[in-house]
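Below is one structure, written out as structure tokens; the observations come after it.
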Amino acid sequence: MIVIVPADPMRPRRPDEHFAAEAAAAREAGAEVAVVDHDALAAGGDADRAVARVPAGPDVVYRGWMLPAEGYAAMADALARRGATPRTSAADYRRAHELPGWYDALRTVTPESVWTRGDHRAAFDQARELLKDGPAVLRDYTKSAKHHWHEAAYVPRLADADAAWRVASRLRELRGDDFTGGFVLRRFEPLTAPEVRTWWIAGEARLVGPHPDTPEDVGTPDLTAVTPLVARLGLPFVTVDLARREDGEWRVVELGDGQVSDRPSAVPAAALMAALLAG
1 MIVIVPADPM RPRRPDEHFA AEAAAAREAG AEVAVVDHDA LAAGGDADRA VARVPAGPDV
61 VYRGWMLPAE GYAAMADALA RRGATPRTSA ADYRRAHELP GWYDALRTVT PESVWTRGDH
121 RAAFDQAREL LKDGPAVLRD YTKSAKHHWH EAAYVPRLAD ADAAWRVASR LRELRGDDFT
181 GGFVLRRFEP LTAPEVRTWW IAGEARLVGP HPDTPEDVGT PDLTAVTPLV ARLGLPFVTV
241 DLARREDGEW RVVELGDGQV SDRPSAVPAA ALMAALLAG
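Throughout the sequence shown, residue numbering follows UniProt numbering, covering 1 to 279 in sequence.
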């Protein structure tokens, strides 16, 4: 396995400090480690130059900052030209990274959701009307603005068209150039405990830990209903964030590509690398 991580912008031959522990753990476990220029990939720059330090070989796993699907595809293509094969294809990355790619497979264990293509109000209103009334949570295909909850994430009443559009407009403004795909409206479900982040390799849950937003809180989710659904997706490396609803049922809040999911300190870097090597 070859693990690639973002380079330190000031010392481009060294791993970014945020991923240094994982790079060290990968080396100690016997994997090769190489650095890539994340900023160039994210900005649509020269992908071949960005991956120039990656050696040829099978089973390349990225652990780094989030990339748009187009940036990941450019990286995957550039790696292929070097004879390096990513474990996660560009198509699989998009399926995991963007909600429309995984929602249908998990619709029974996650809040009801609808989405638009693009950011036009007419499409937003059509999507909003599909959920009828009640509260909803707003995001785009990859991310919400949950730290601006009342102004850009929470829609108290879907039937209040103008108020809902104000929230959508603010989300669009805050996401700026990072806005991805379109608006996603998810029916609001009251949760009673912090989220738990689970790590899945080849359809099996290998690690359970806290969500990075609440690193001191670790729950023990019931994965009985989720496991066959995640396995059926056939994705090589993902995270699934879950939280307990008021009625006690564990619900999927998010599925994401494991390569760009943040690892809280409660999940040891060595444990993650061991799971990836075993997978």
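Glycine included, C-beta positions come from ideal geometry on N, C-alpha and C.
Item to check | Alpha-carbon spacing of Asp119 relative to Phe183, whole angstroms | outcome: Taking the CA atoms as reference points, Asp119 sits about 6 Å from Phe183.
Checklist entry - What is the rounded straight-line gap between the Cα of Leu277 and the Cα of Arg244? => result Our two residues, Leu277 and Arg244, have alpha carbons roughly 31 Å apart in a direct line.
Checklist entry - Who are the Cβ neighbours of Glu98 in its own chain at under 8 Å, not counting the five residues just before and after it? => result Listed in chain order, the non-local C-beta contacts of Glu98 below 8 Å within the same chain comprise Ala69, Tyr141, Thr142, Thr180 and Gly181, local neighbours out to five positions each way being set aside.
Item to check | Option nearest Leu223 by Cα separation, candidates Thr214, Gly83, Glu216 and Glu249 | outcome: Minimum Cα-Cα distance from Leu223 among the listed residues Thr214, Gly83, Glu216 and Glu249 corresponds to Glu249.
Item to check | Under the three-state DSSP convention, the category Gly83 falls into | outcome: Under the three-state reduction of DSSP, Gly83 is assigned to coil, being neither helix nor strand.
Checklist entry - Quick one: what does DSSP say Ala31 is sitting in, helix, strand or coil? => result Per DSSP, reduced to three states, the secondary structure at Ala31 is coil, with no helix or strand assignment.
Checklist entry - So is His211 buried or exposed if we call it buried at 16+ other beta carbons inside 10 Å? => result By the neighbour-count definition (other C-beta atoms within 10 Å, threshold 16), His211 is a buried residue.
Checklist entry - Going straight from the alpha carbon of Val267 to that of Gly234, what length do you get? => result If I take the Cα positions, the gap works out to 24 Å.
Next on the checklist: Considering only their Cβ atoms, is the gap separating Leu185 from Leu229 smaller than 8 Å?
Outcome noted: Cβ atoms of Leu229 and Leu185: not closer than 8 Å.
Item to check | Meets three-Cβ-pair contact criterion under 8 Å: the region 84–94 and the region 213–223 | outcome: Fewer than three pairs of CB atoms, one per stretch, sit closer than 8 Å, so the region 84–94 makes no contact with the region 213–223.
Item to check | Length of the line joining the Cα atoms of Gly71 and Arg251 | outcome: C-alpha separation (whole angstroms): 30 Å.
Item to check | alpha helix (DSSP H) runs wholly inside the region 43–86, at least 4 long, in chain order | outcome: Listed in chain order, the complete alpha helix (DSSP H) runs (minimum 4 residues) inside the region 43–86 are 47–50 and 69–81.
Next on the checklist: According to DSSP, simplified to helix, strand and coil, what is Leu223?
Outcome noted: The answer is coil: DSSP assigns Leu223 none of H, G, I, E or B.
Checklist entry - According to DSSP, which residues form a beta bridge with Tyr154? => result Its beta-bridge partners are Val137.
Checklist entry - Alpha carbon to alpha carbon, how far is Arg53 from Arg206? => result For the pair Arg53 and Arg206, the Cα-to-Cα distance works out to about 30 Å.
Checklist entry - Apart from the five residues just before and just after Asp133, which ones in its own chain have a Cβ nearer than 8 Å to its Cβ? => result Correct list, in chain order: Arg157, Leu158 and Ala159.
Checklist entry - Starting from Ser113 and walking both ways along the beta strand (DSSP E), at which residues does that stretch end? => result Element bounds for Ser113: Ser113 to Trp115.
Checklist entry - Since Asp125 and Glu195 are thought to touch, with beta carbons under 8 Å apart, how far apart are those beta carbons, to the nearest angstrom? => result At roughly 30 Å, the Cβ-Cβ gap does not stay under 8 Å, so Asp125 and Glu195 are not in contact.
Item to check | DSSP state of Phe19 mapped onto helix, strand, coil | outcome: Three-state DSSP puts Phe19 in a helix.
Item to check | Contact under 8 Å by Cβ, Val5 with Glu22 | outcome: With a cutoff of 8 Å on beta-carbon distance, Val5 and Glu22 are scored as near each other.
Next on the checklist: Assess contact between the region 40–47 and the region 10–18, defined as three or more Cβ pairs (one per stretch) separated by less than 8 Å. Is contact present?
Outcome noted: The region 40–47 is not in contact with the region 10–18.
Checklist entry - Looking at the unbroken alpha helix (DSSP H) that takes in Ala271, where does it start and where does it end? => result Unbroken alpha helix (DSSP H) run through Ala271: Ala269 to Ala278.
Next on the checklist: Cutting at 6 Å between CB atoms, please list the residues of its own chain near Ser261, excluding the five before and the five after it.
Outcome noted: Taking Ser261 as the centre and dropping the five residues before and after it, the same chain places the C-beta of Thr239 closer than 6 Å to its C-beta, in chain order.
Checklist entry - If you follow the alpha helix (DSSP H) that Ala122 is part of, which residue opens it and which one closes it? => result Element bounds for Ala122: Arg121 to Leu130.
Checklist entry - Name the DSSP beta bridge partners of Ala161, please? => result Per the DSSP secondary-structure output, Ala161 pairs with nothing in a beta bridge.
Item to check | Enclosing beta strand (DSSP E) for Gly209 [first to last residue] | outcome: In the DSSP annotation of this structure, the continuous segment of the beta strand (DSSP E) that includes Gly209 starts and ends at Glu204 to Pro210.
Checklist entry - Which same chain residues, not among the five before or five after Arg175, have their C-beta less than 8 Å away from its C-beta? => result Closer than 8 Å at the Cβ level, and outside the excluded window around Arg175, lie Asp140, Lys143 and Ala145.
Next on the checklist: Going by C-alpha to C-alpha distance, which of Val36, Gly30 and Ala29 sits closest to Arg14?
Outcome noted: In this structure, Val36 is the residue among Val36, Gly30 and Ala29 with its C-alpha nearest to the C-alpha of Arg14.
Next on the checklist: So, for Val61: in the same chain, excluding its five sequence neighbours on each side, which residues have a beta-carbon less than 8 Å away from its beta-carbon?
Outcome noted: In its chain, beyond the 5 residues on either side, Met1, Ile2, Val3, Ile4, Pro86, Arg87, Thr88, Phe237, Gln259 and Leu276 have a beta carbon closer than 8 Å to the beta carbon of Val61.
Checklist entry - If we call anything under 8 Å between Cβ atoms a contact, is Ala40 one with Ala50? => result Cβ distance < 8 Å, so Ala40 and Ala50 count as in contact.
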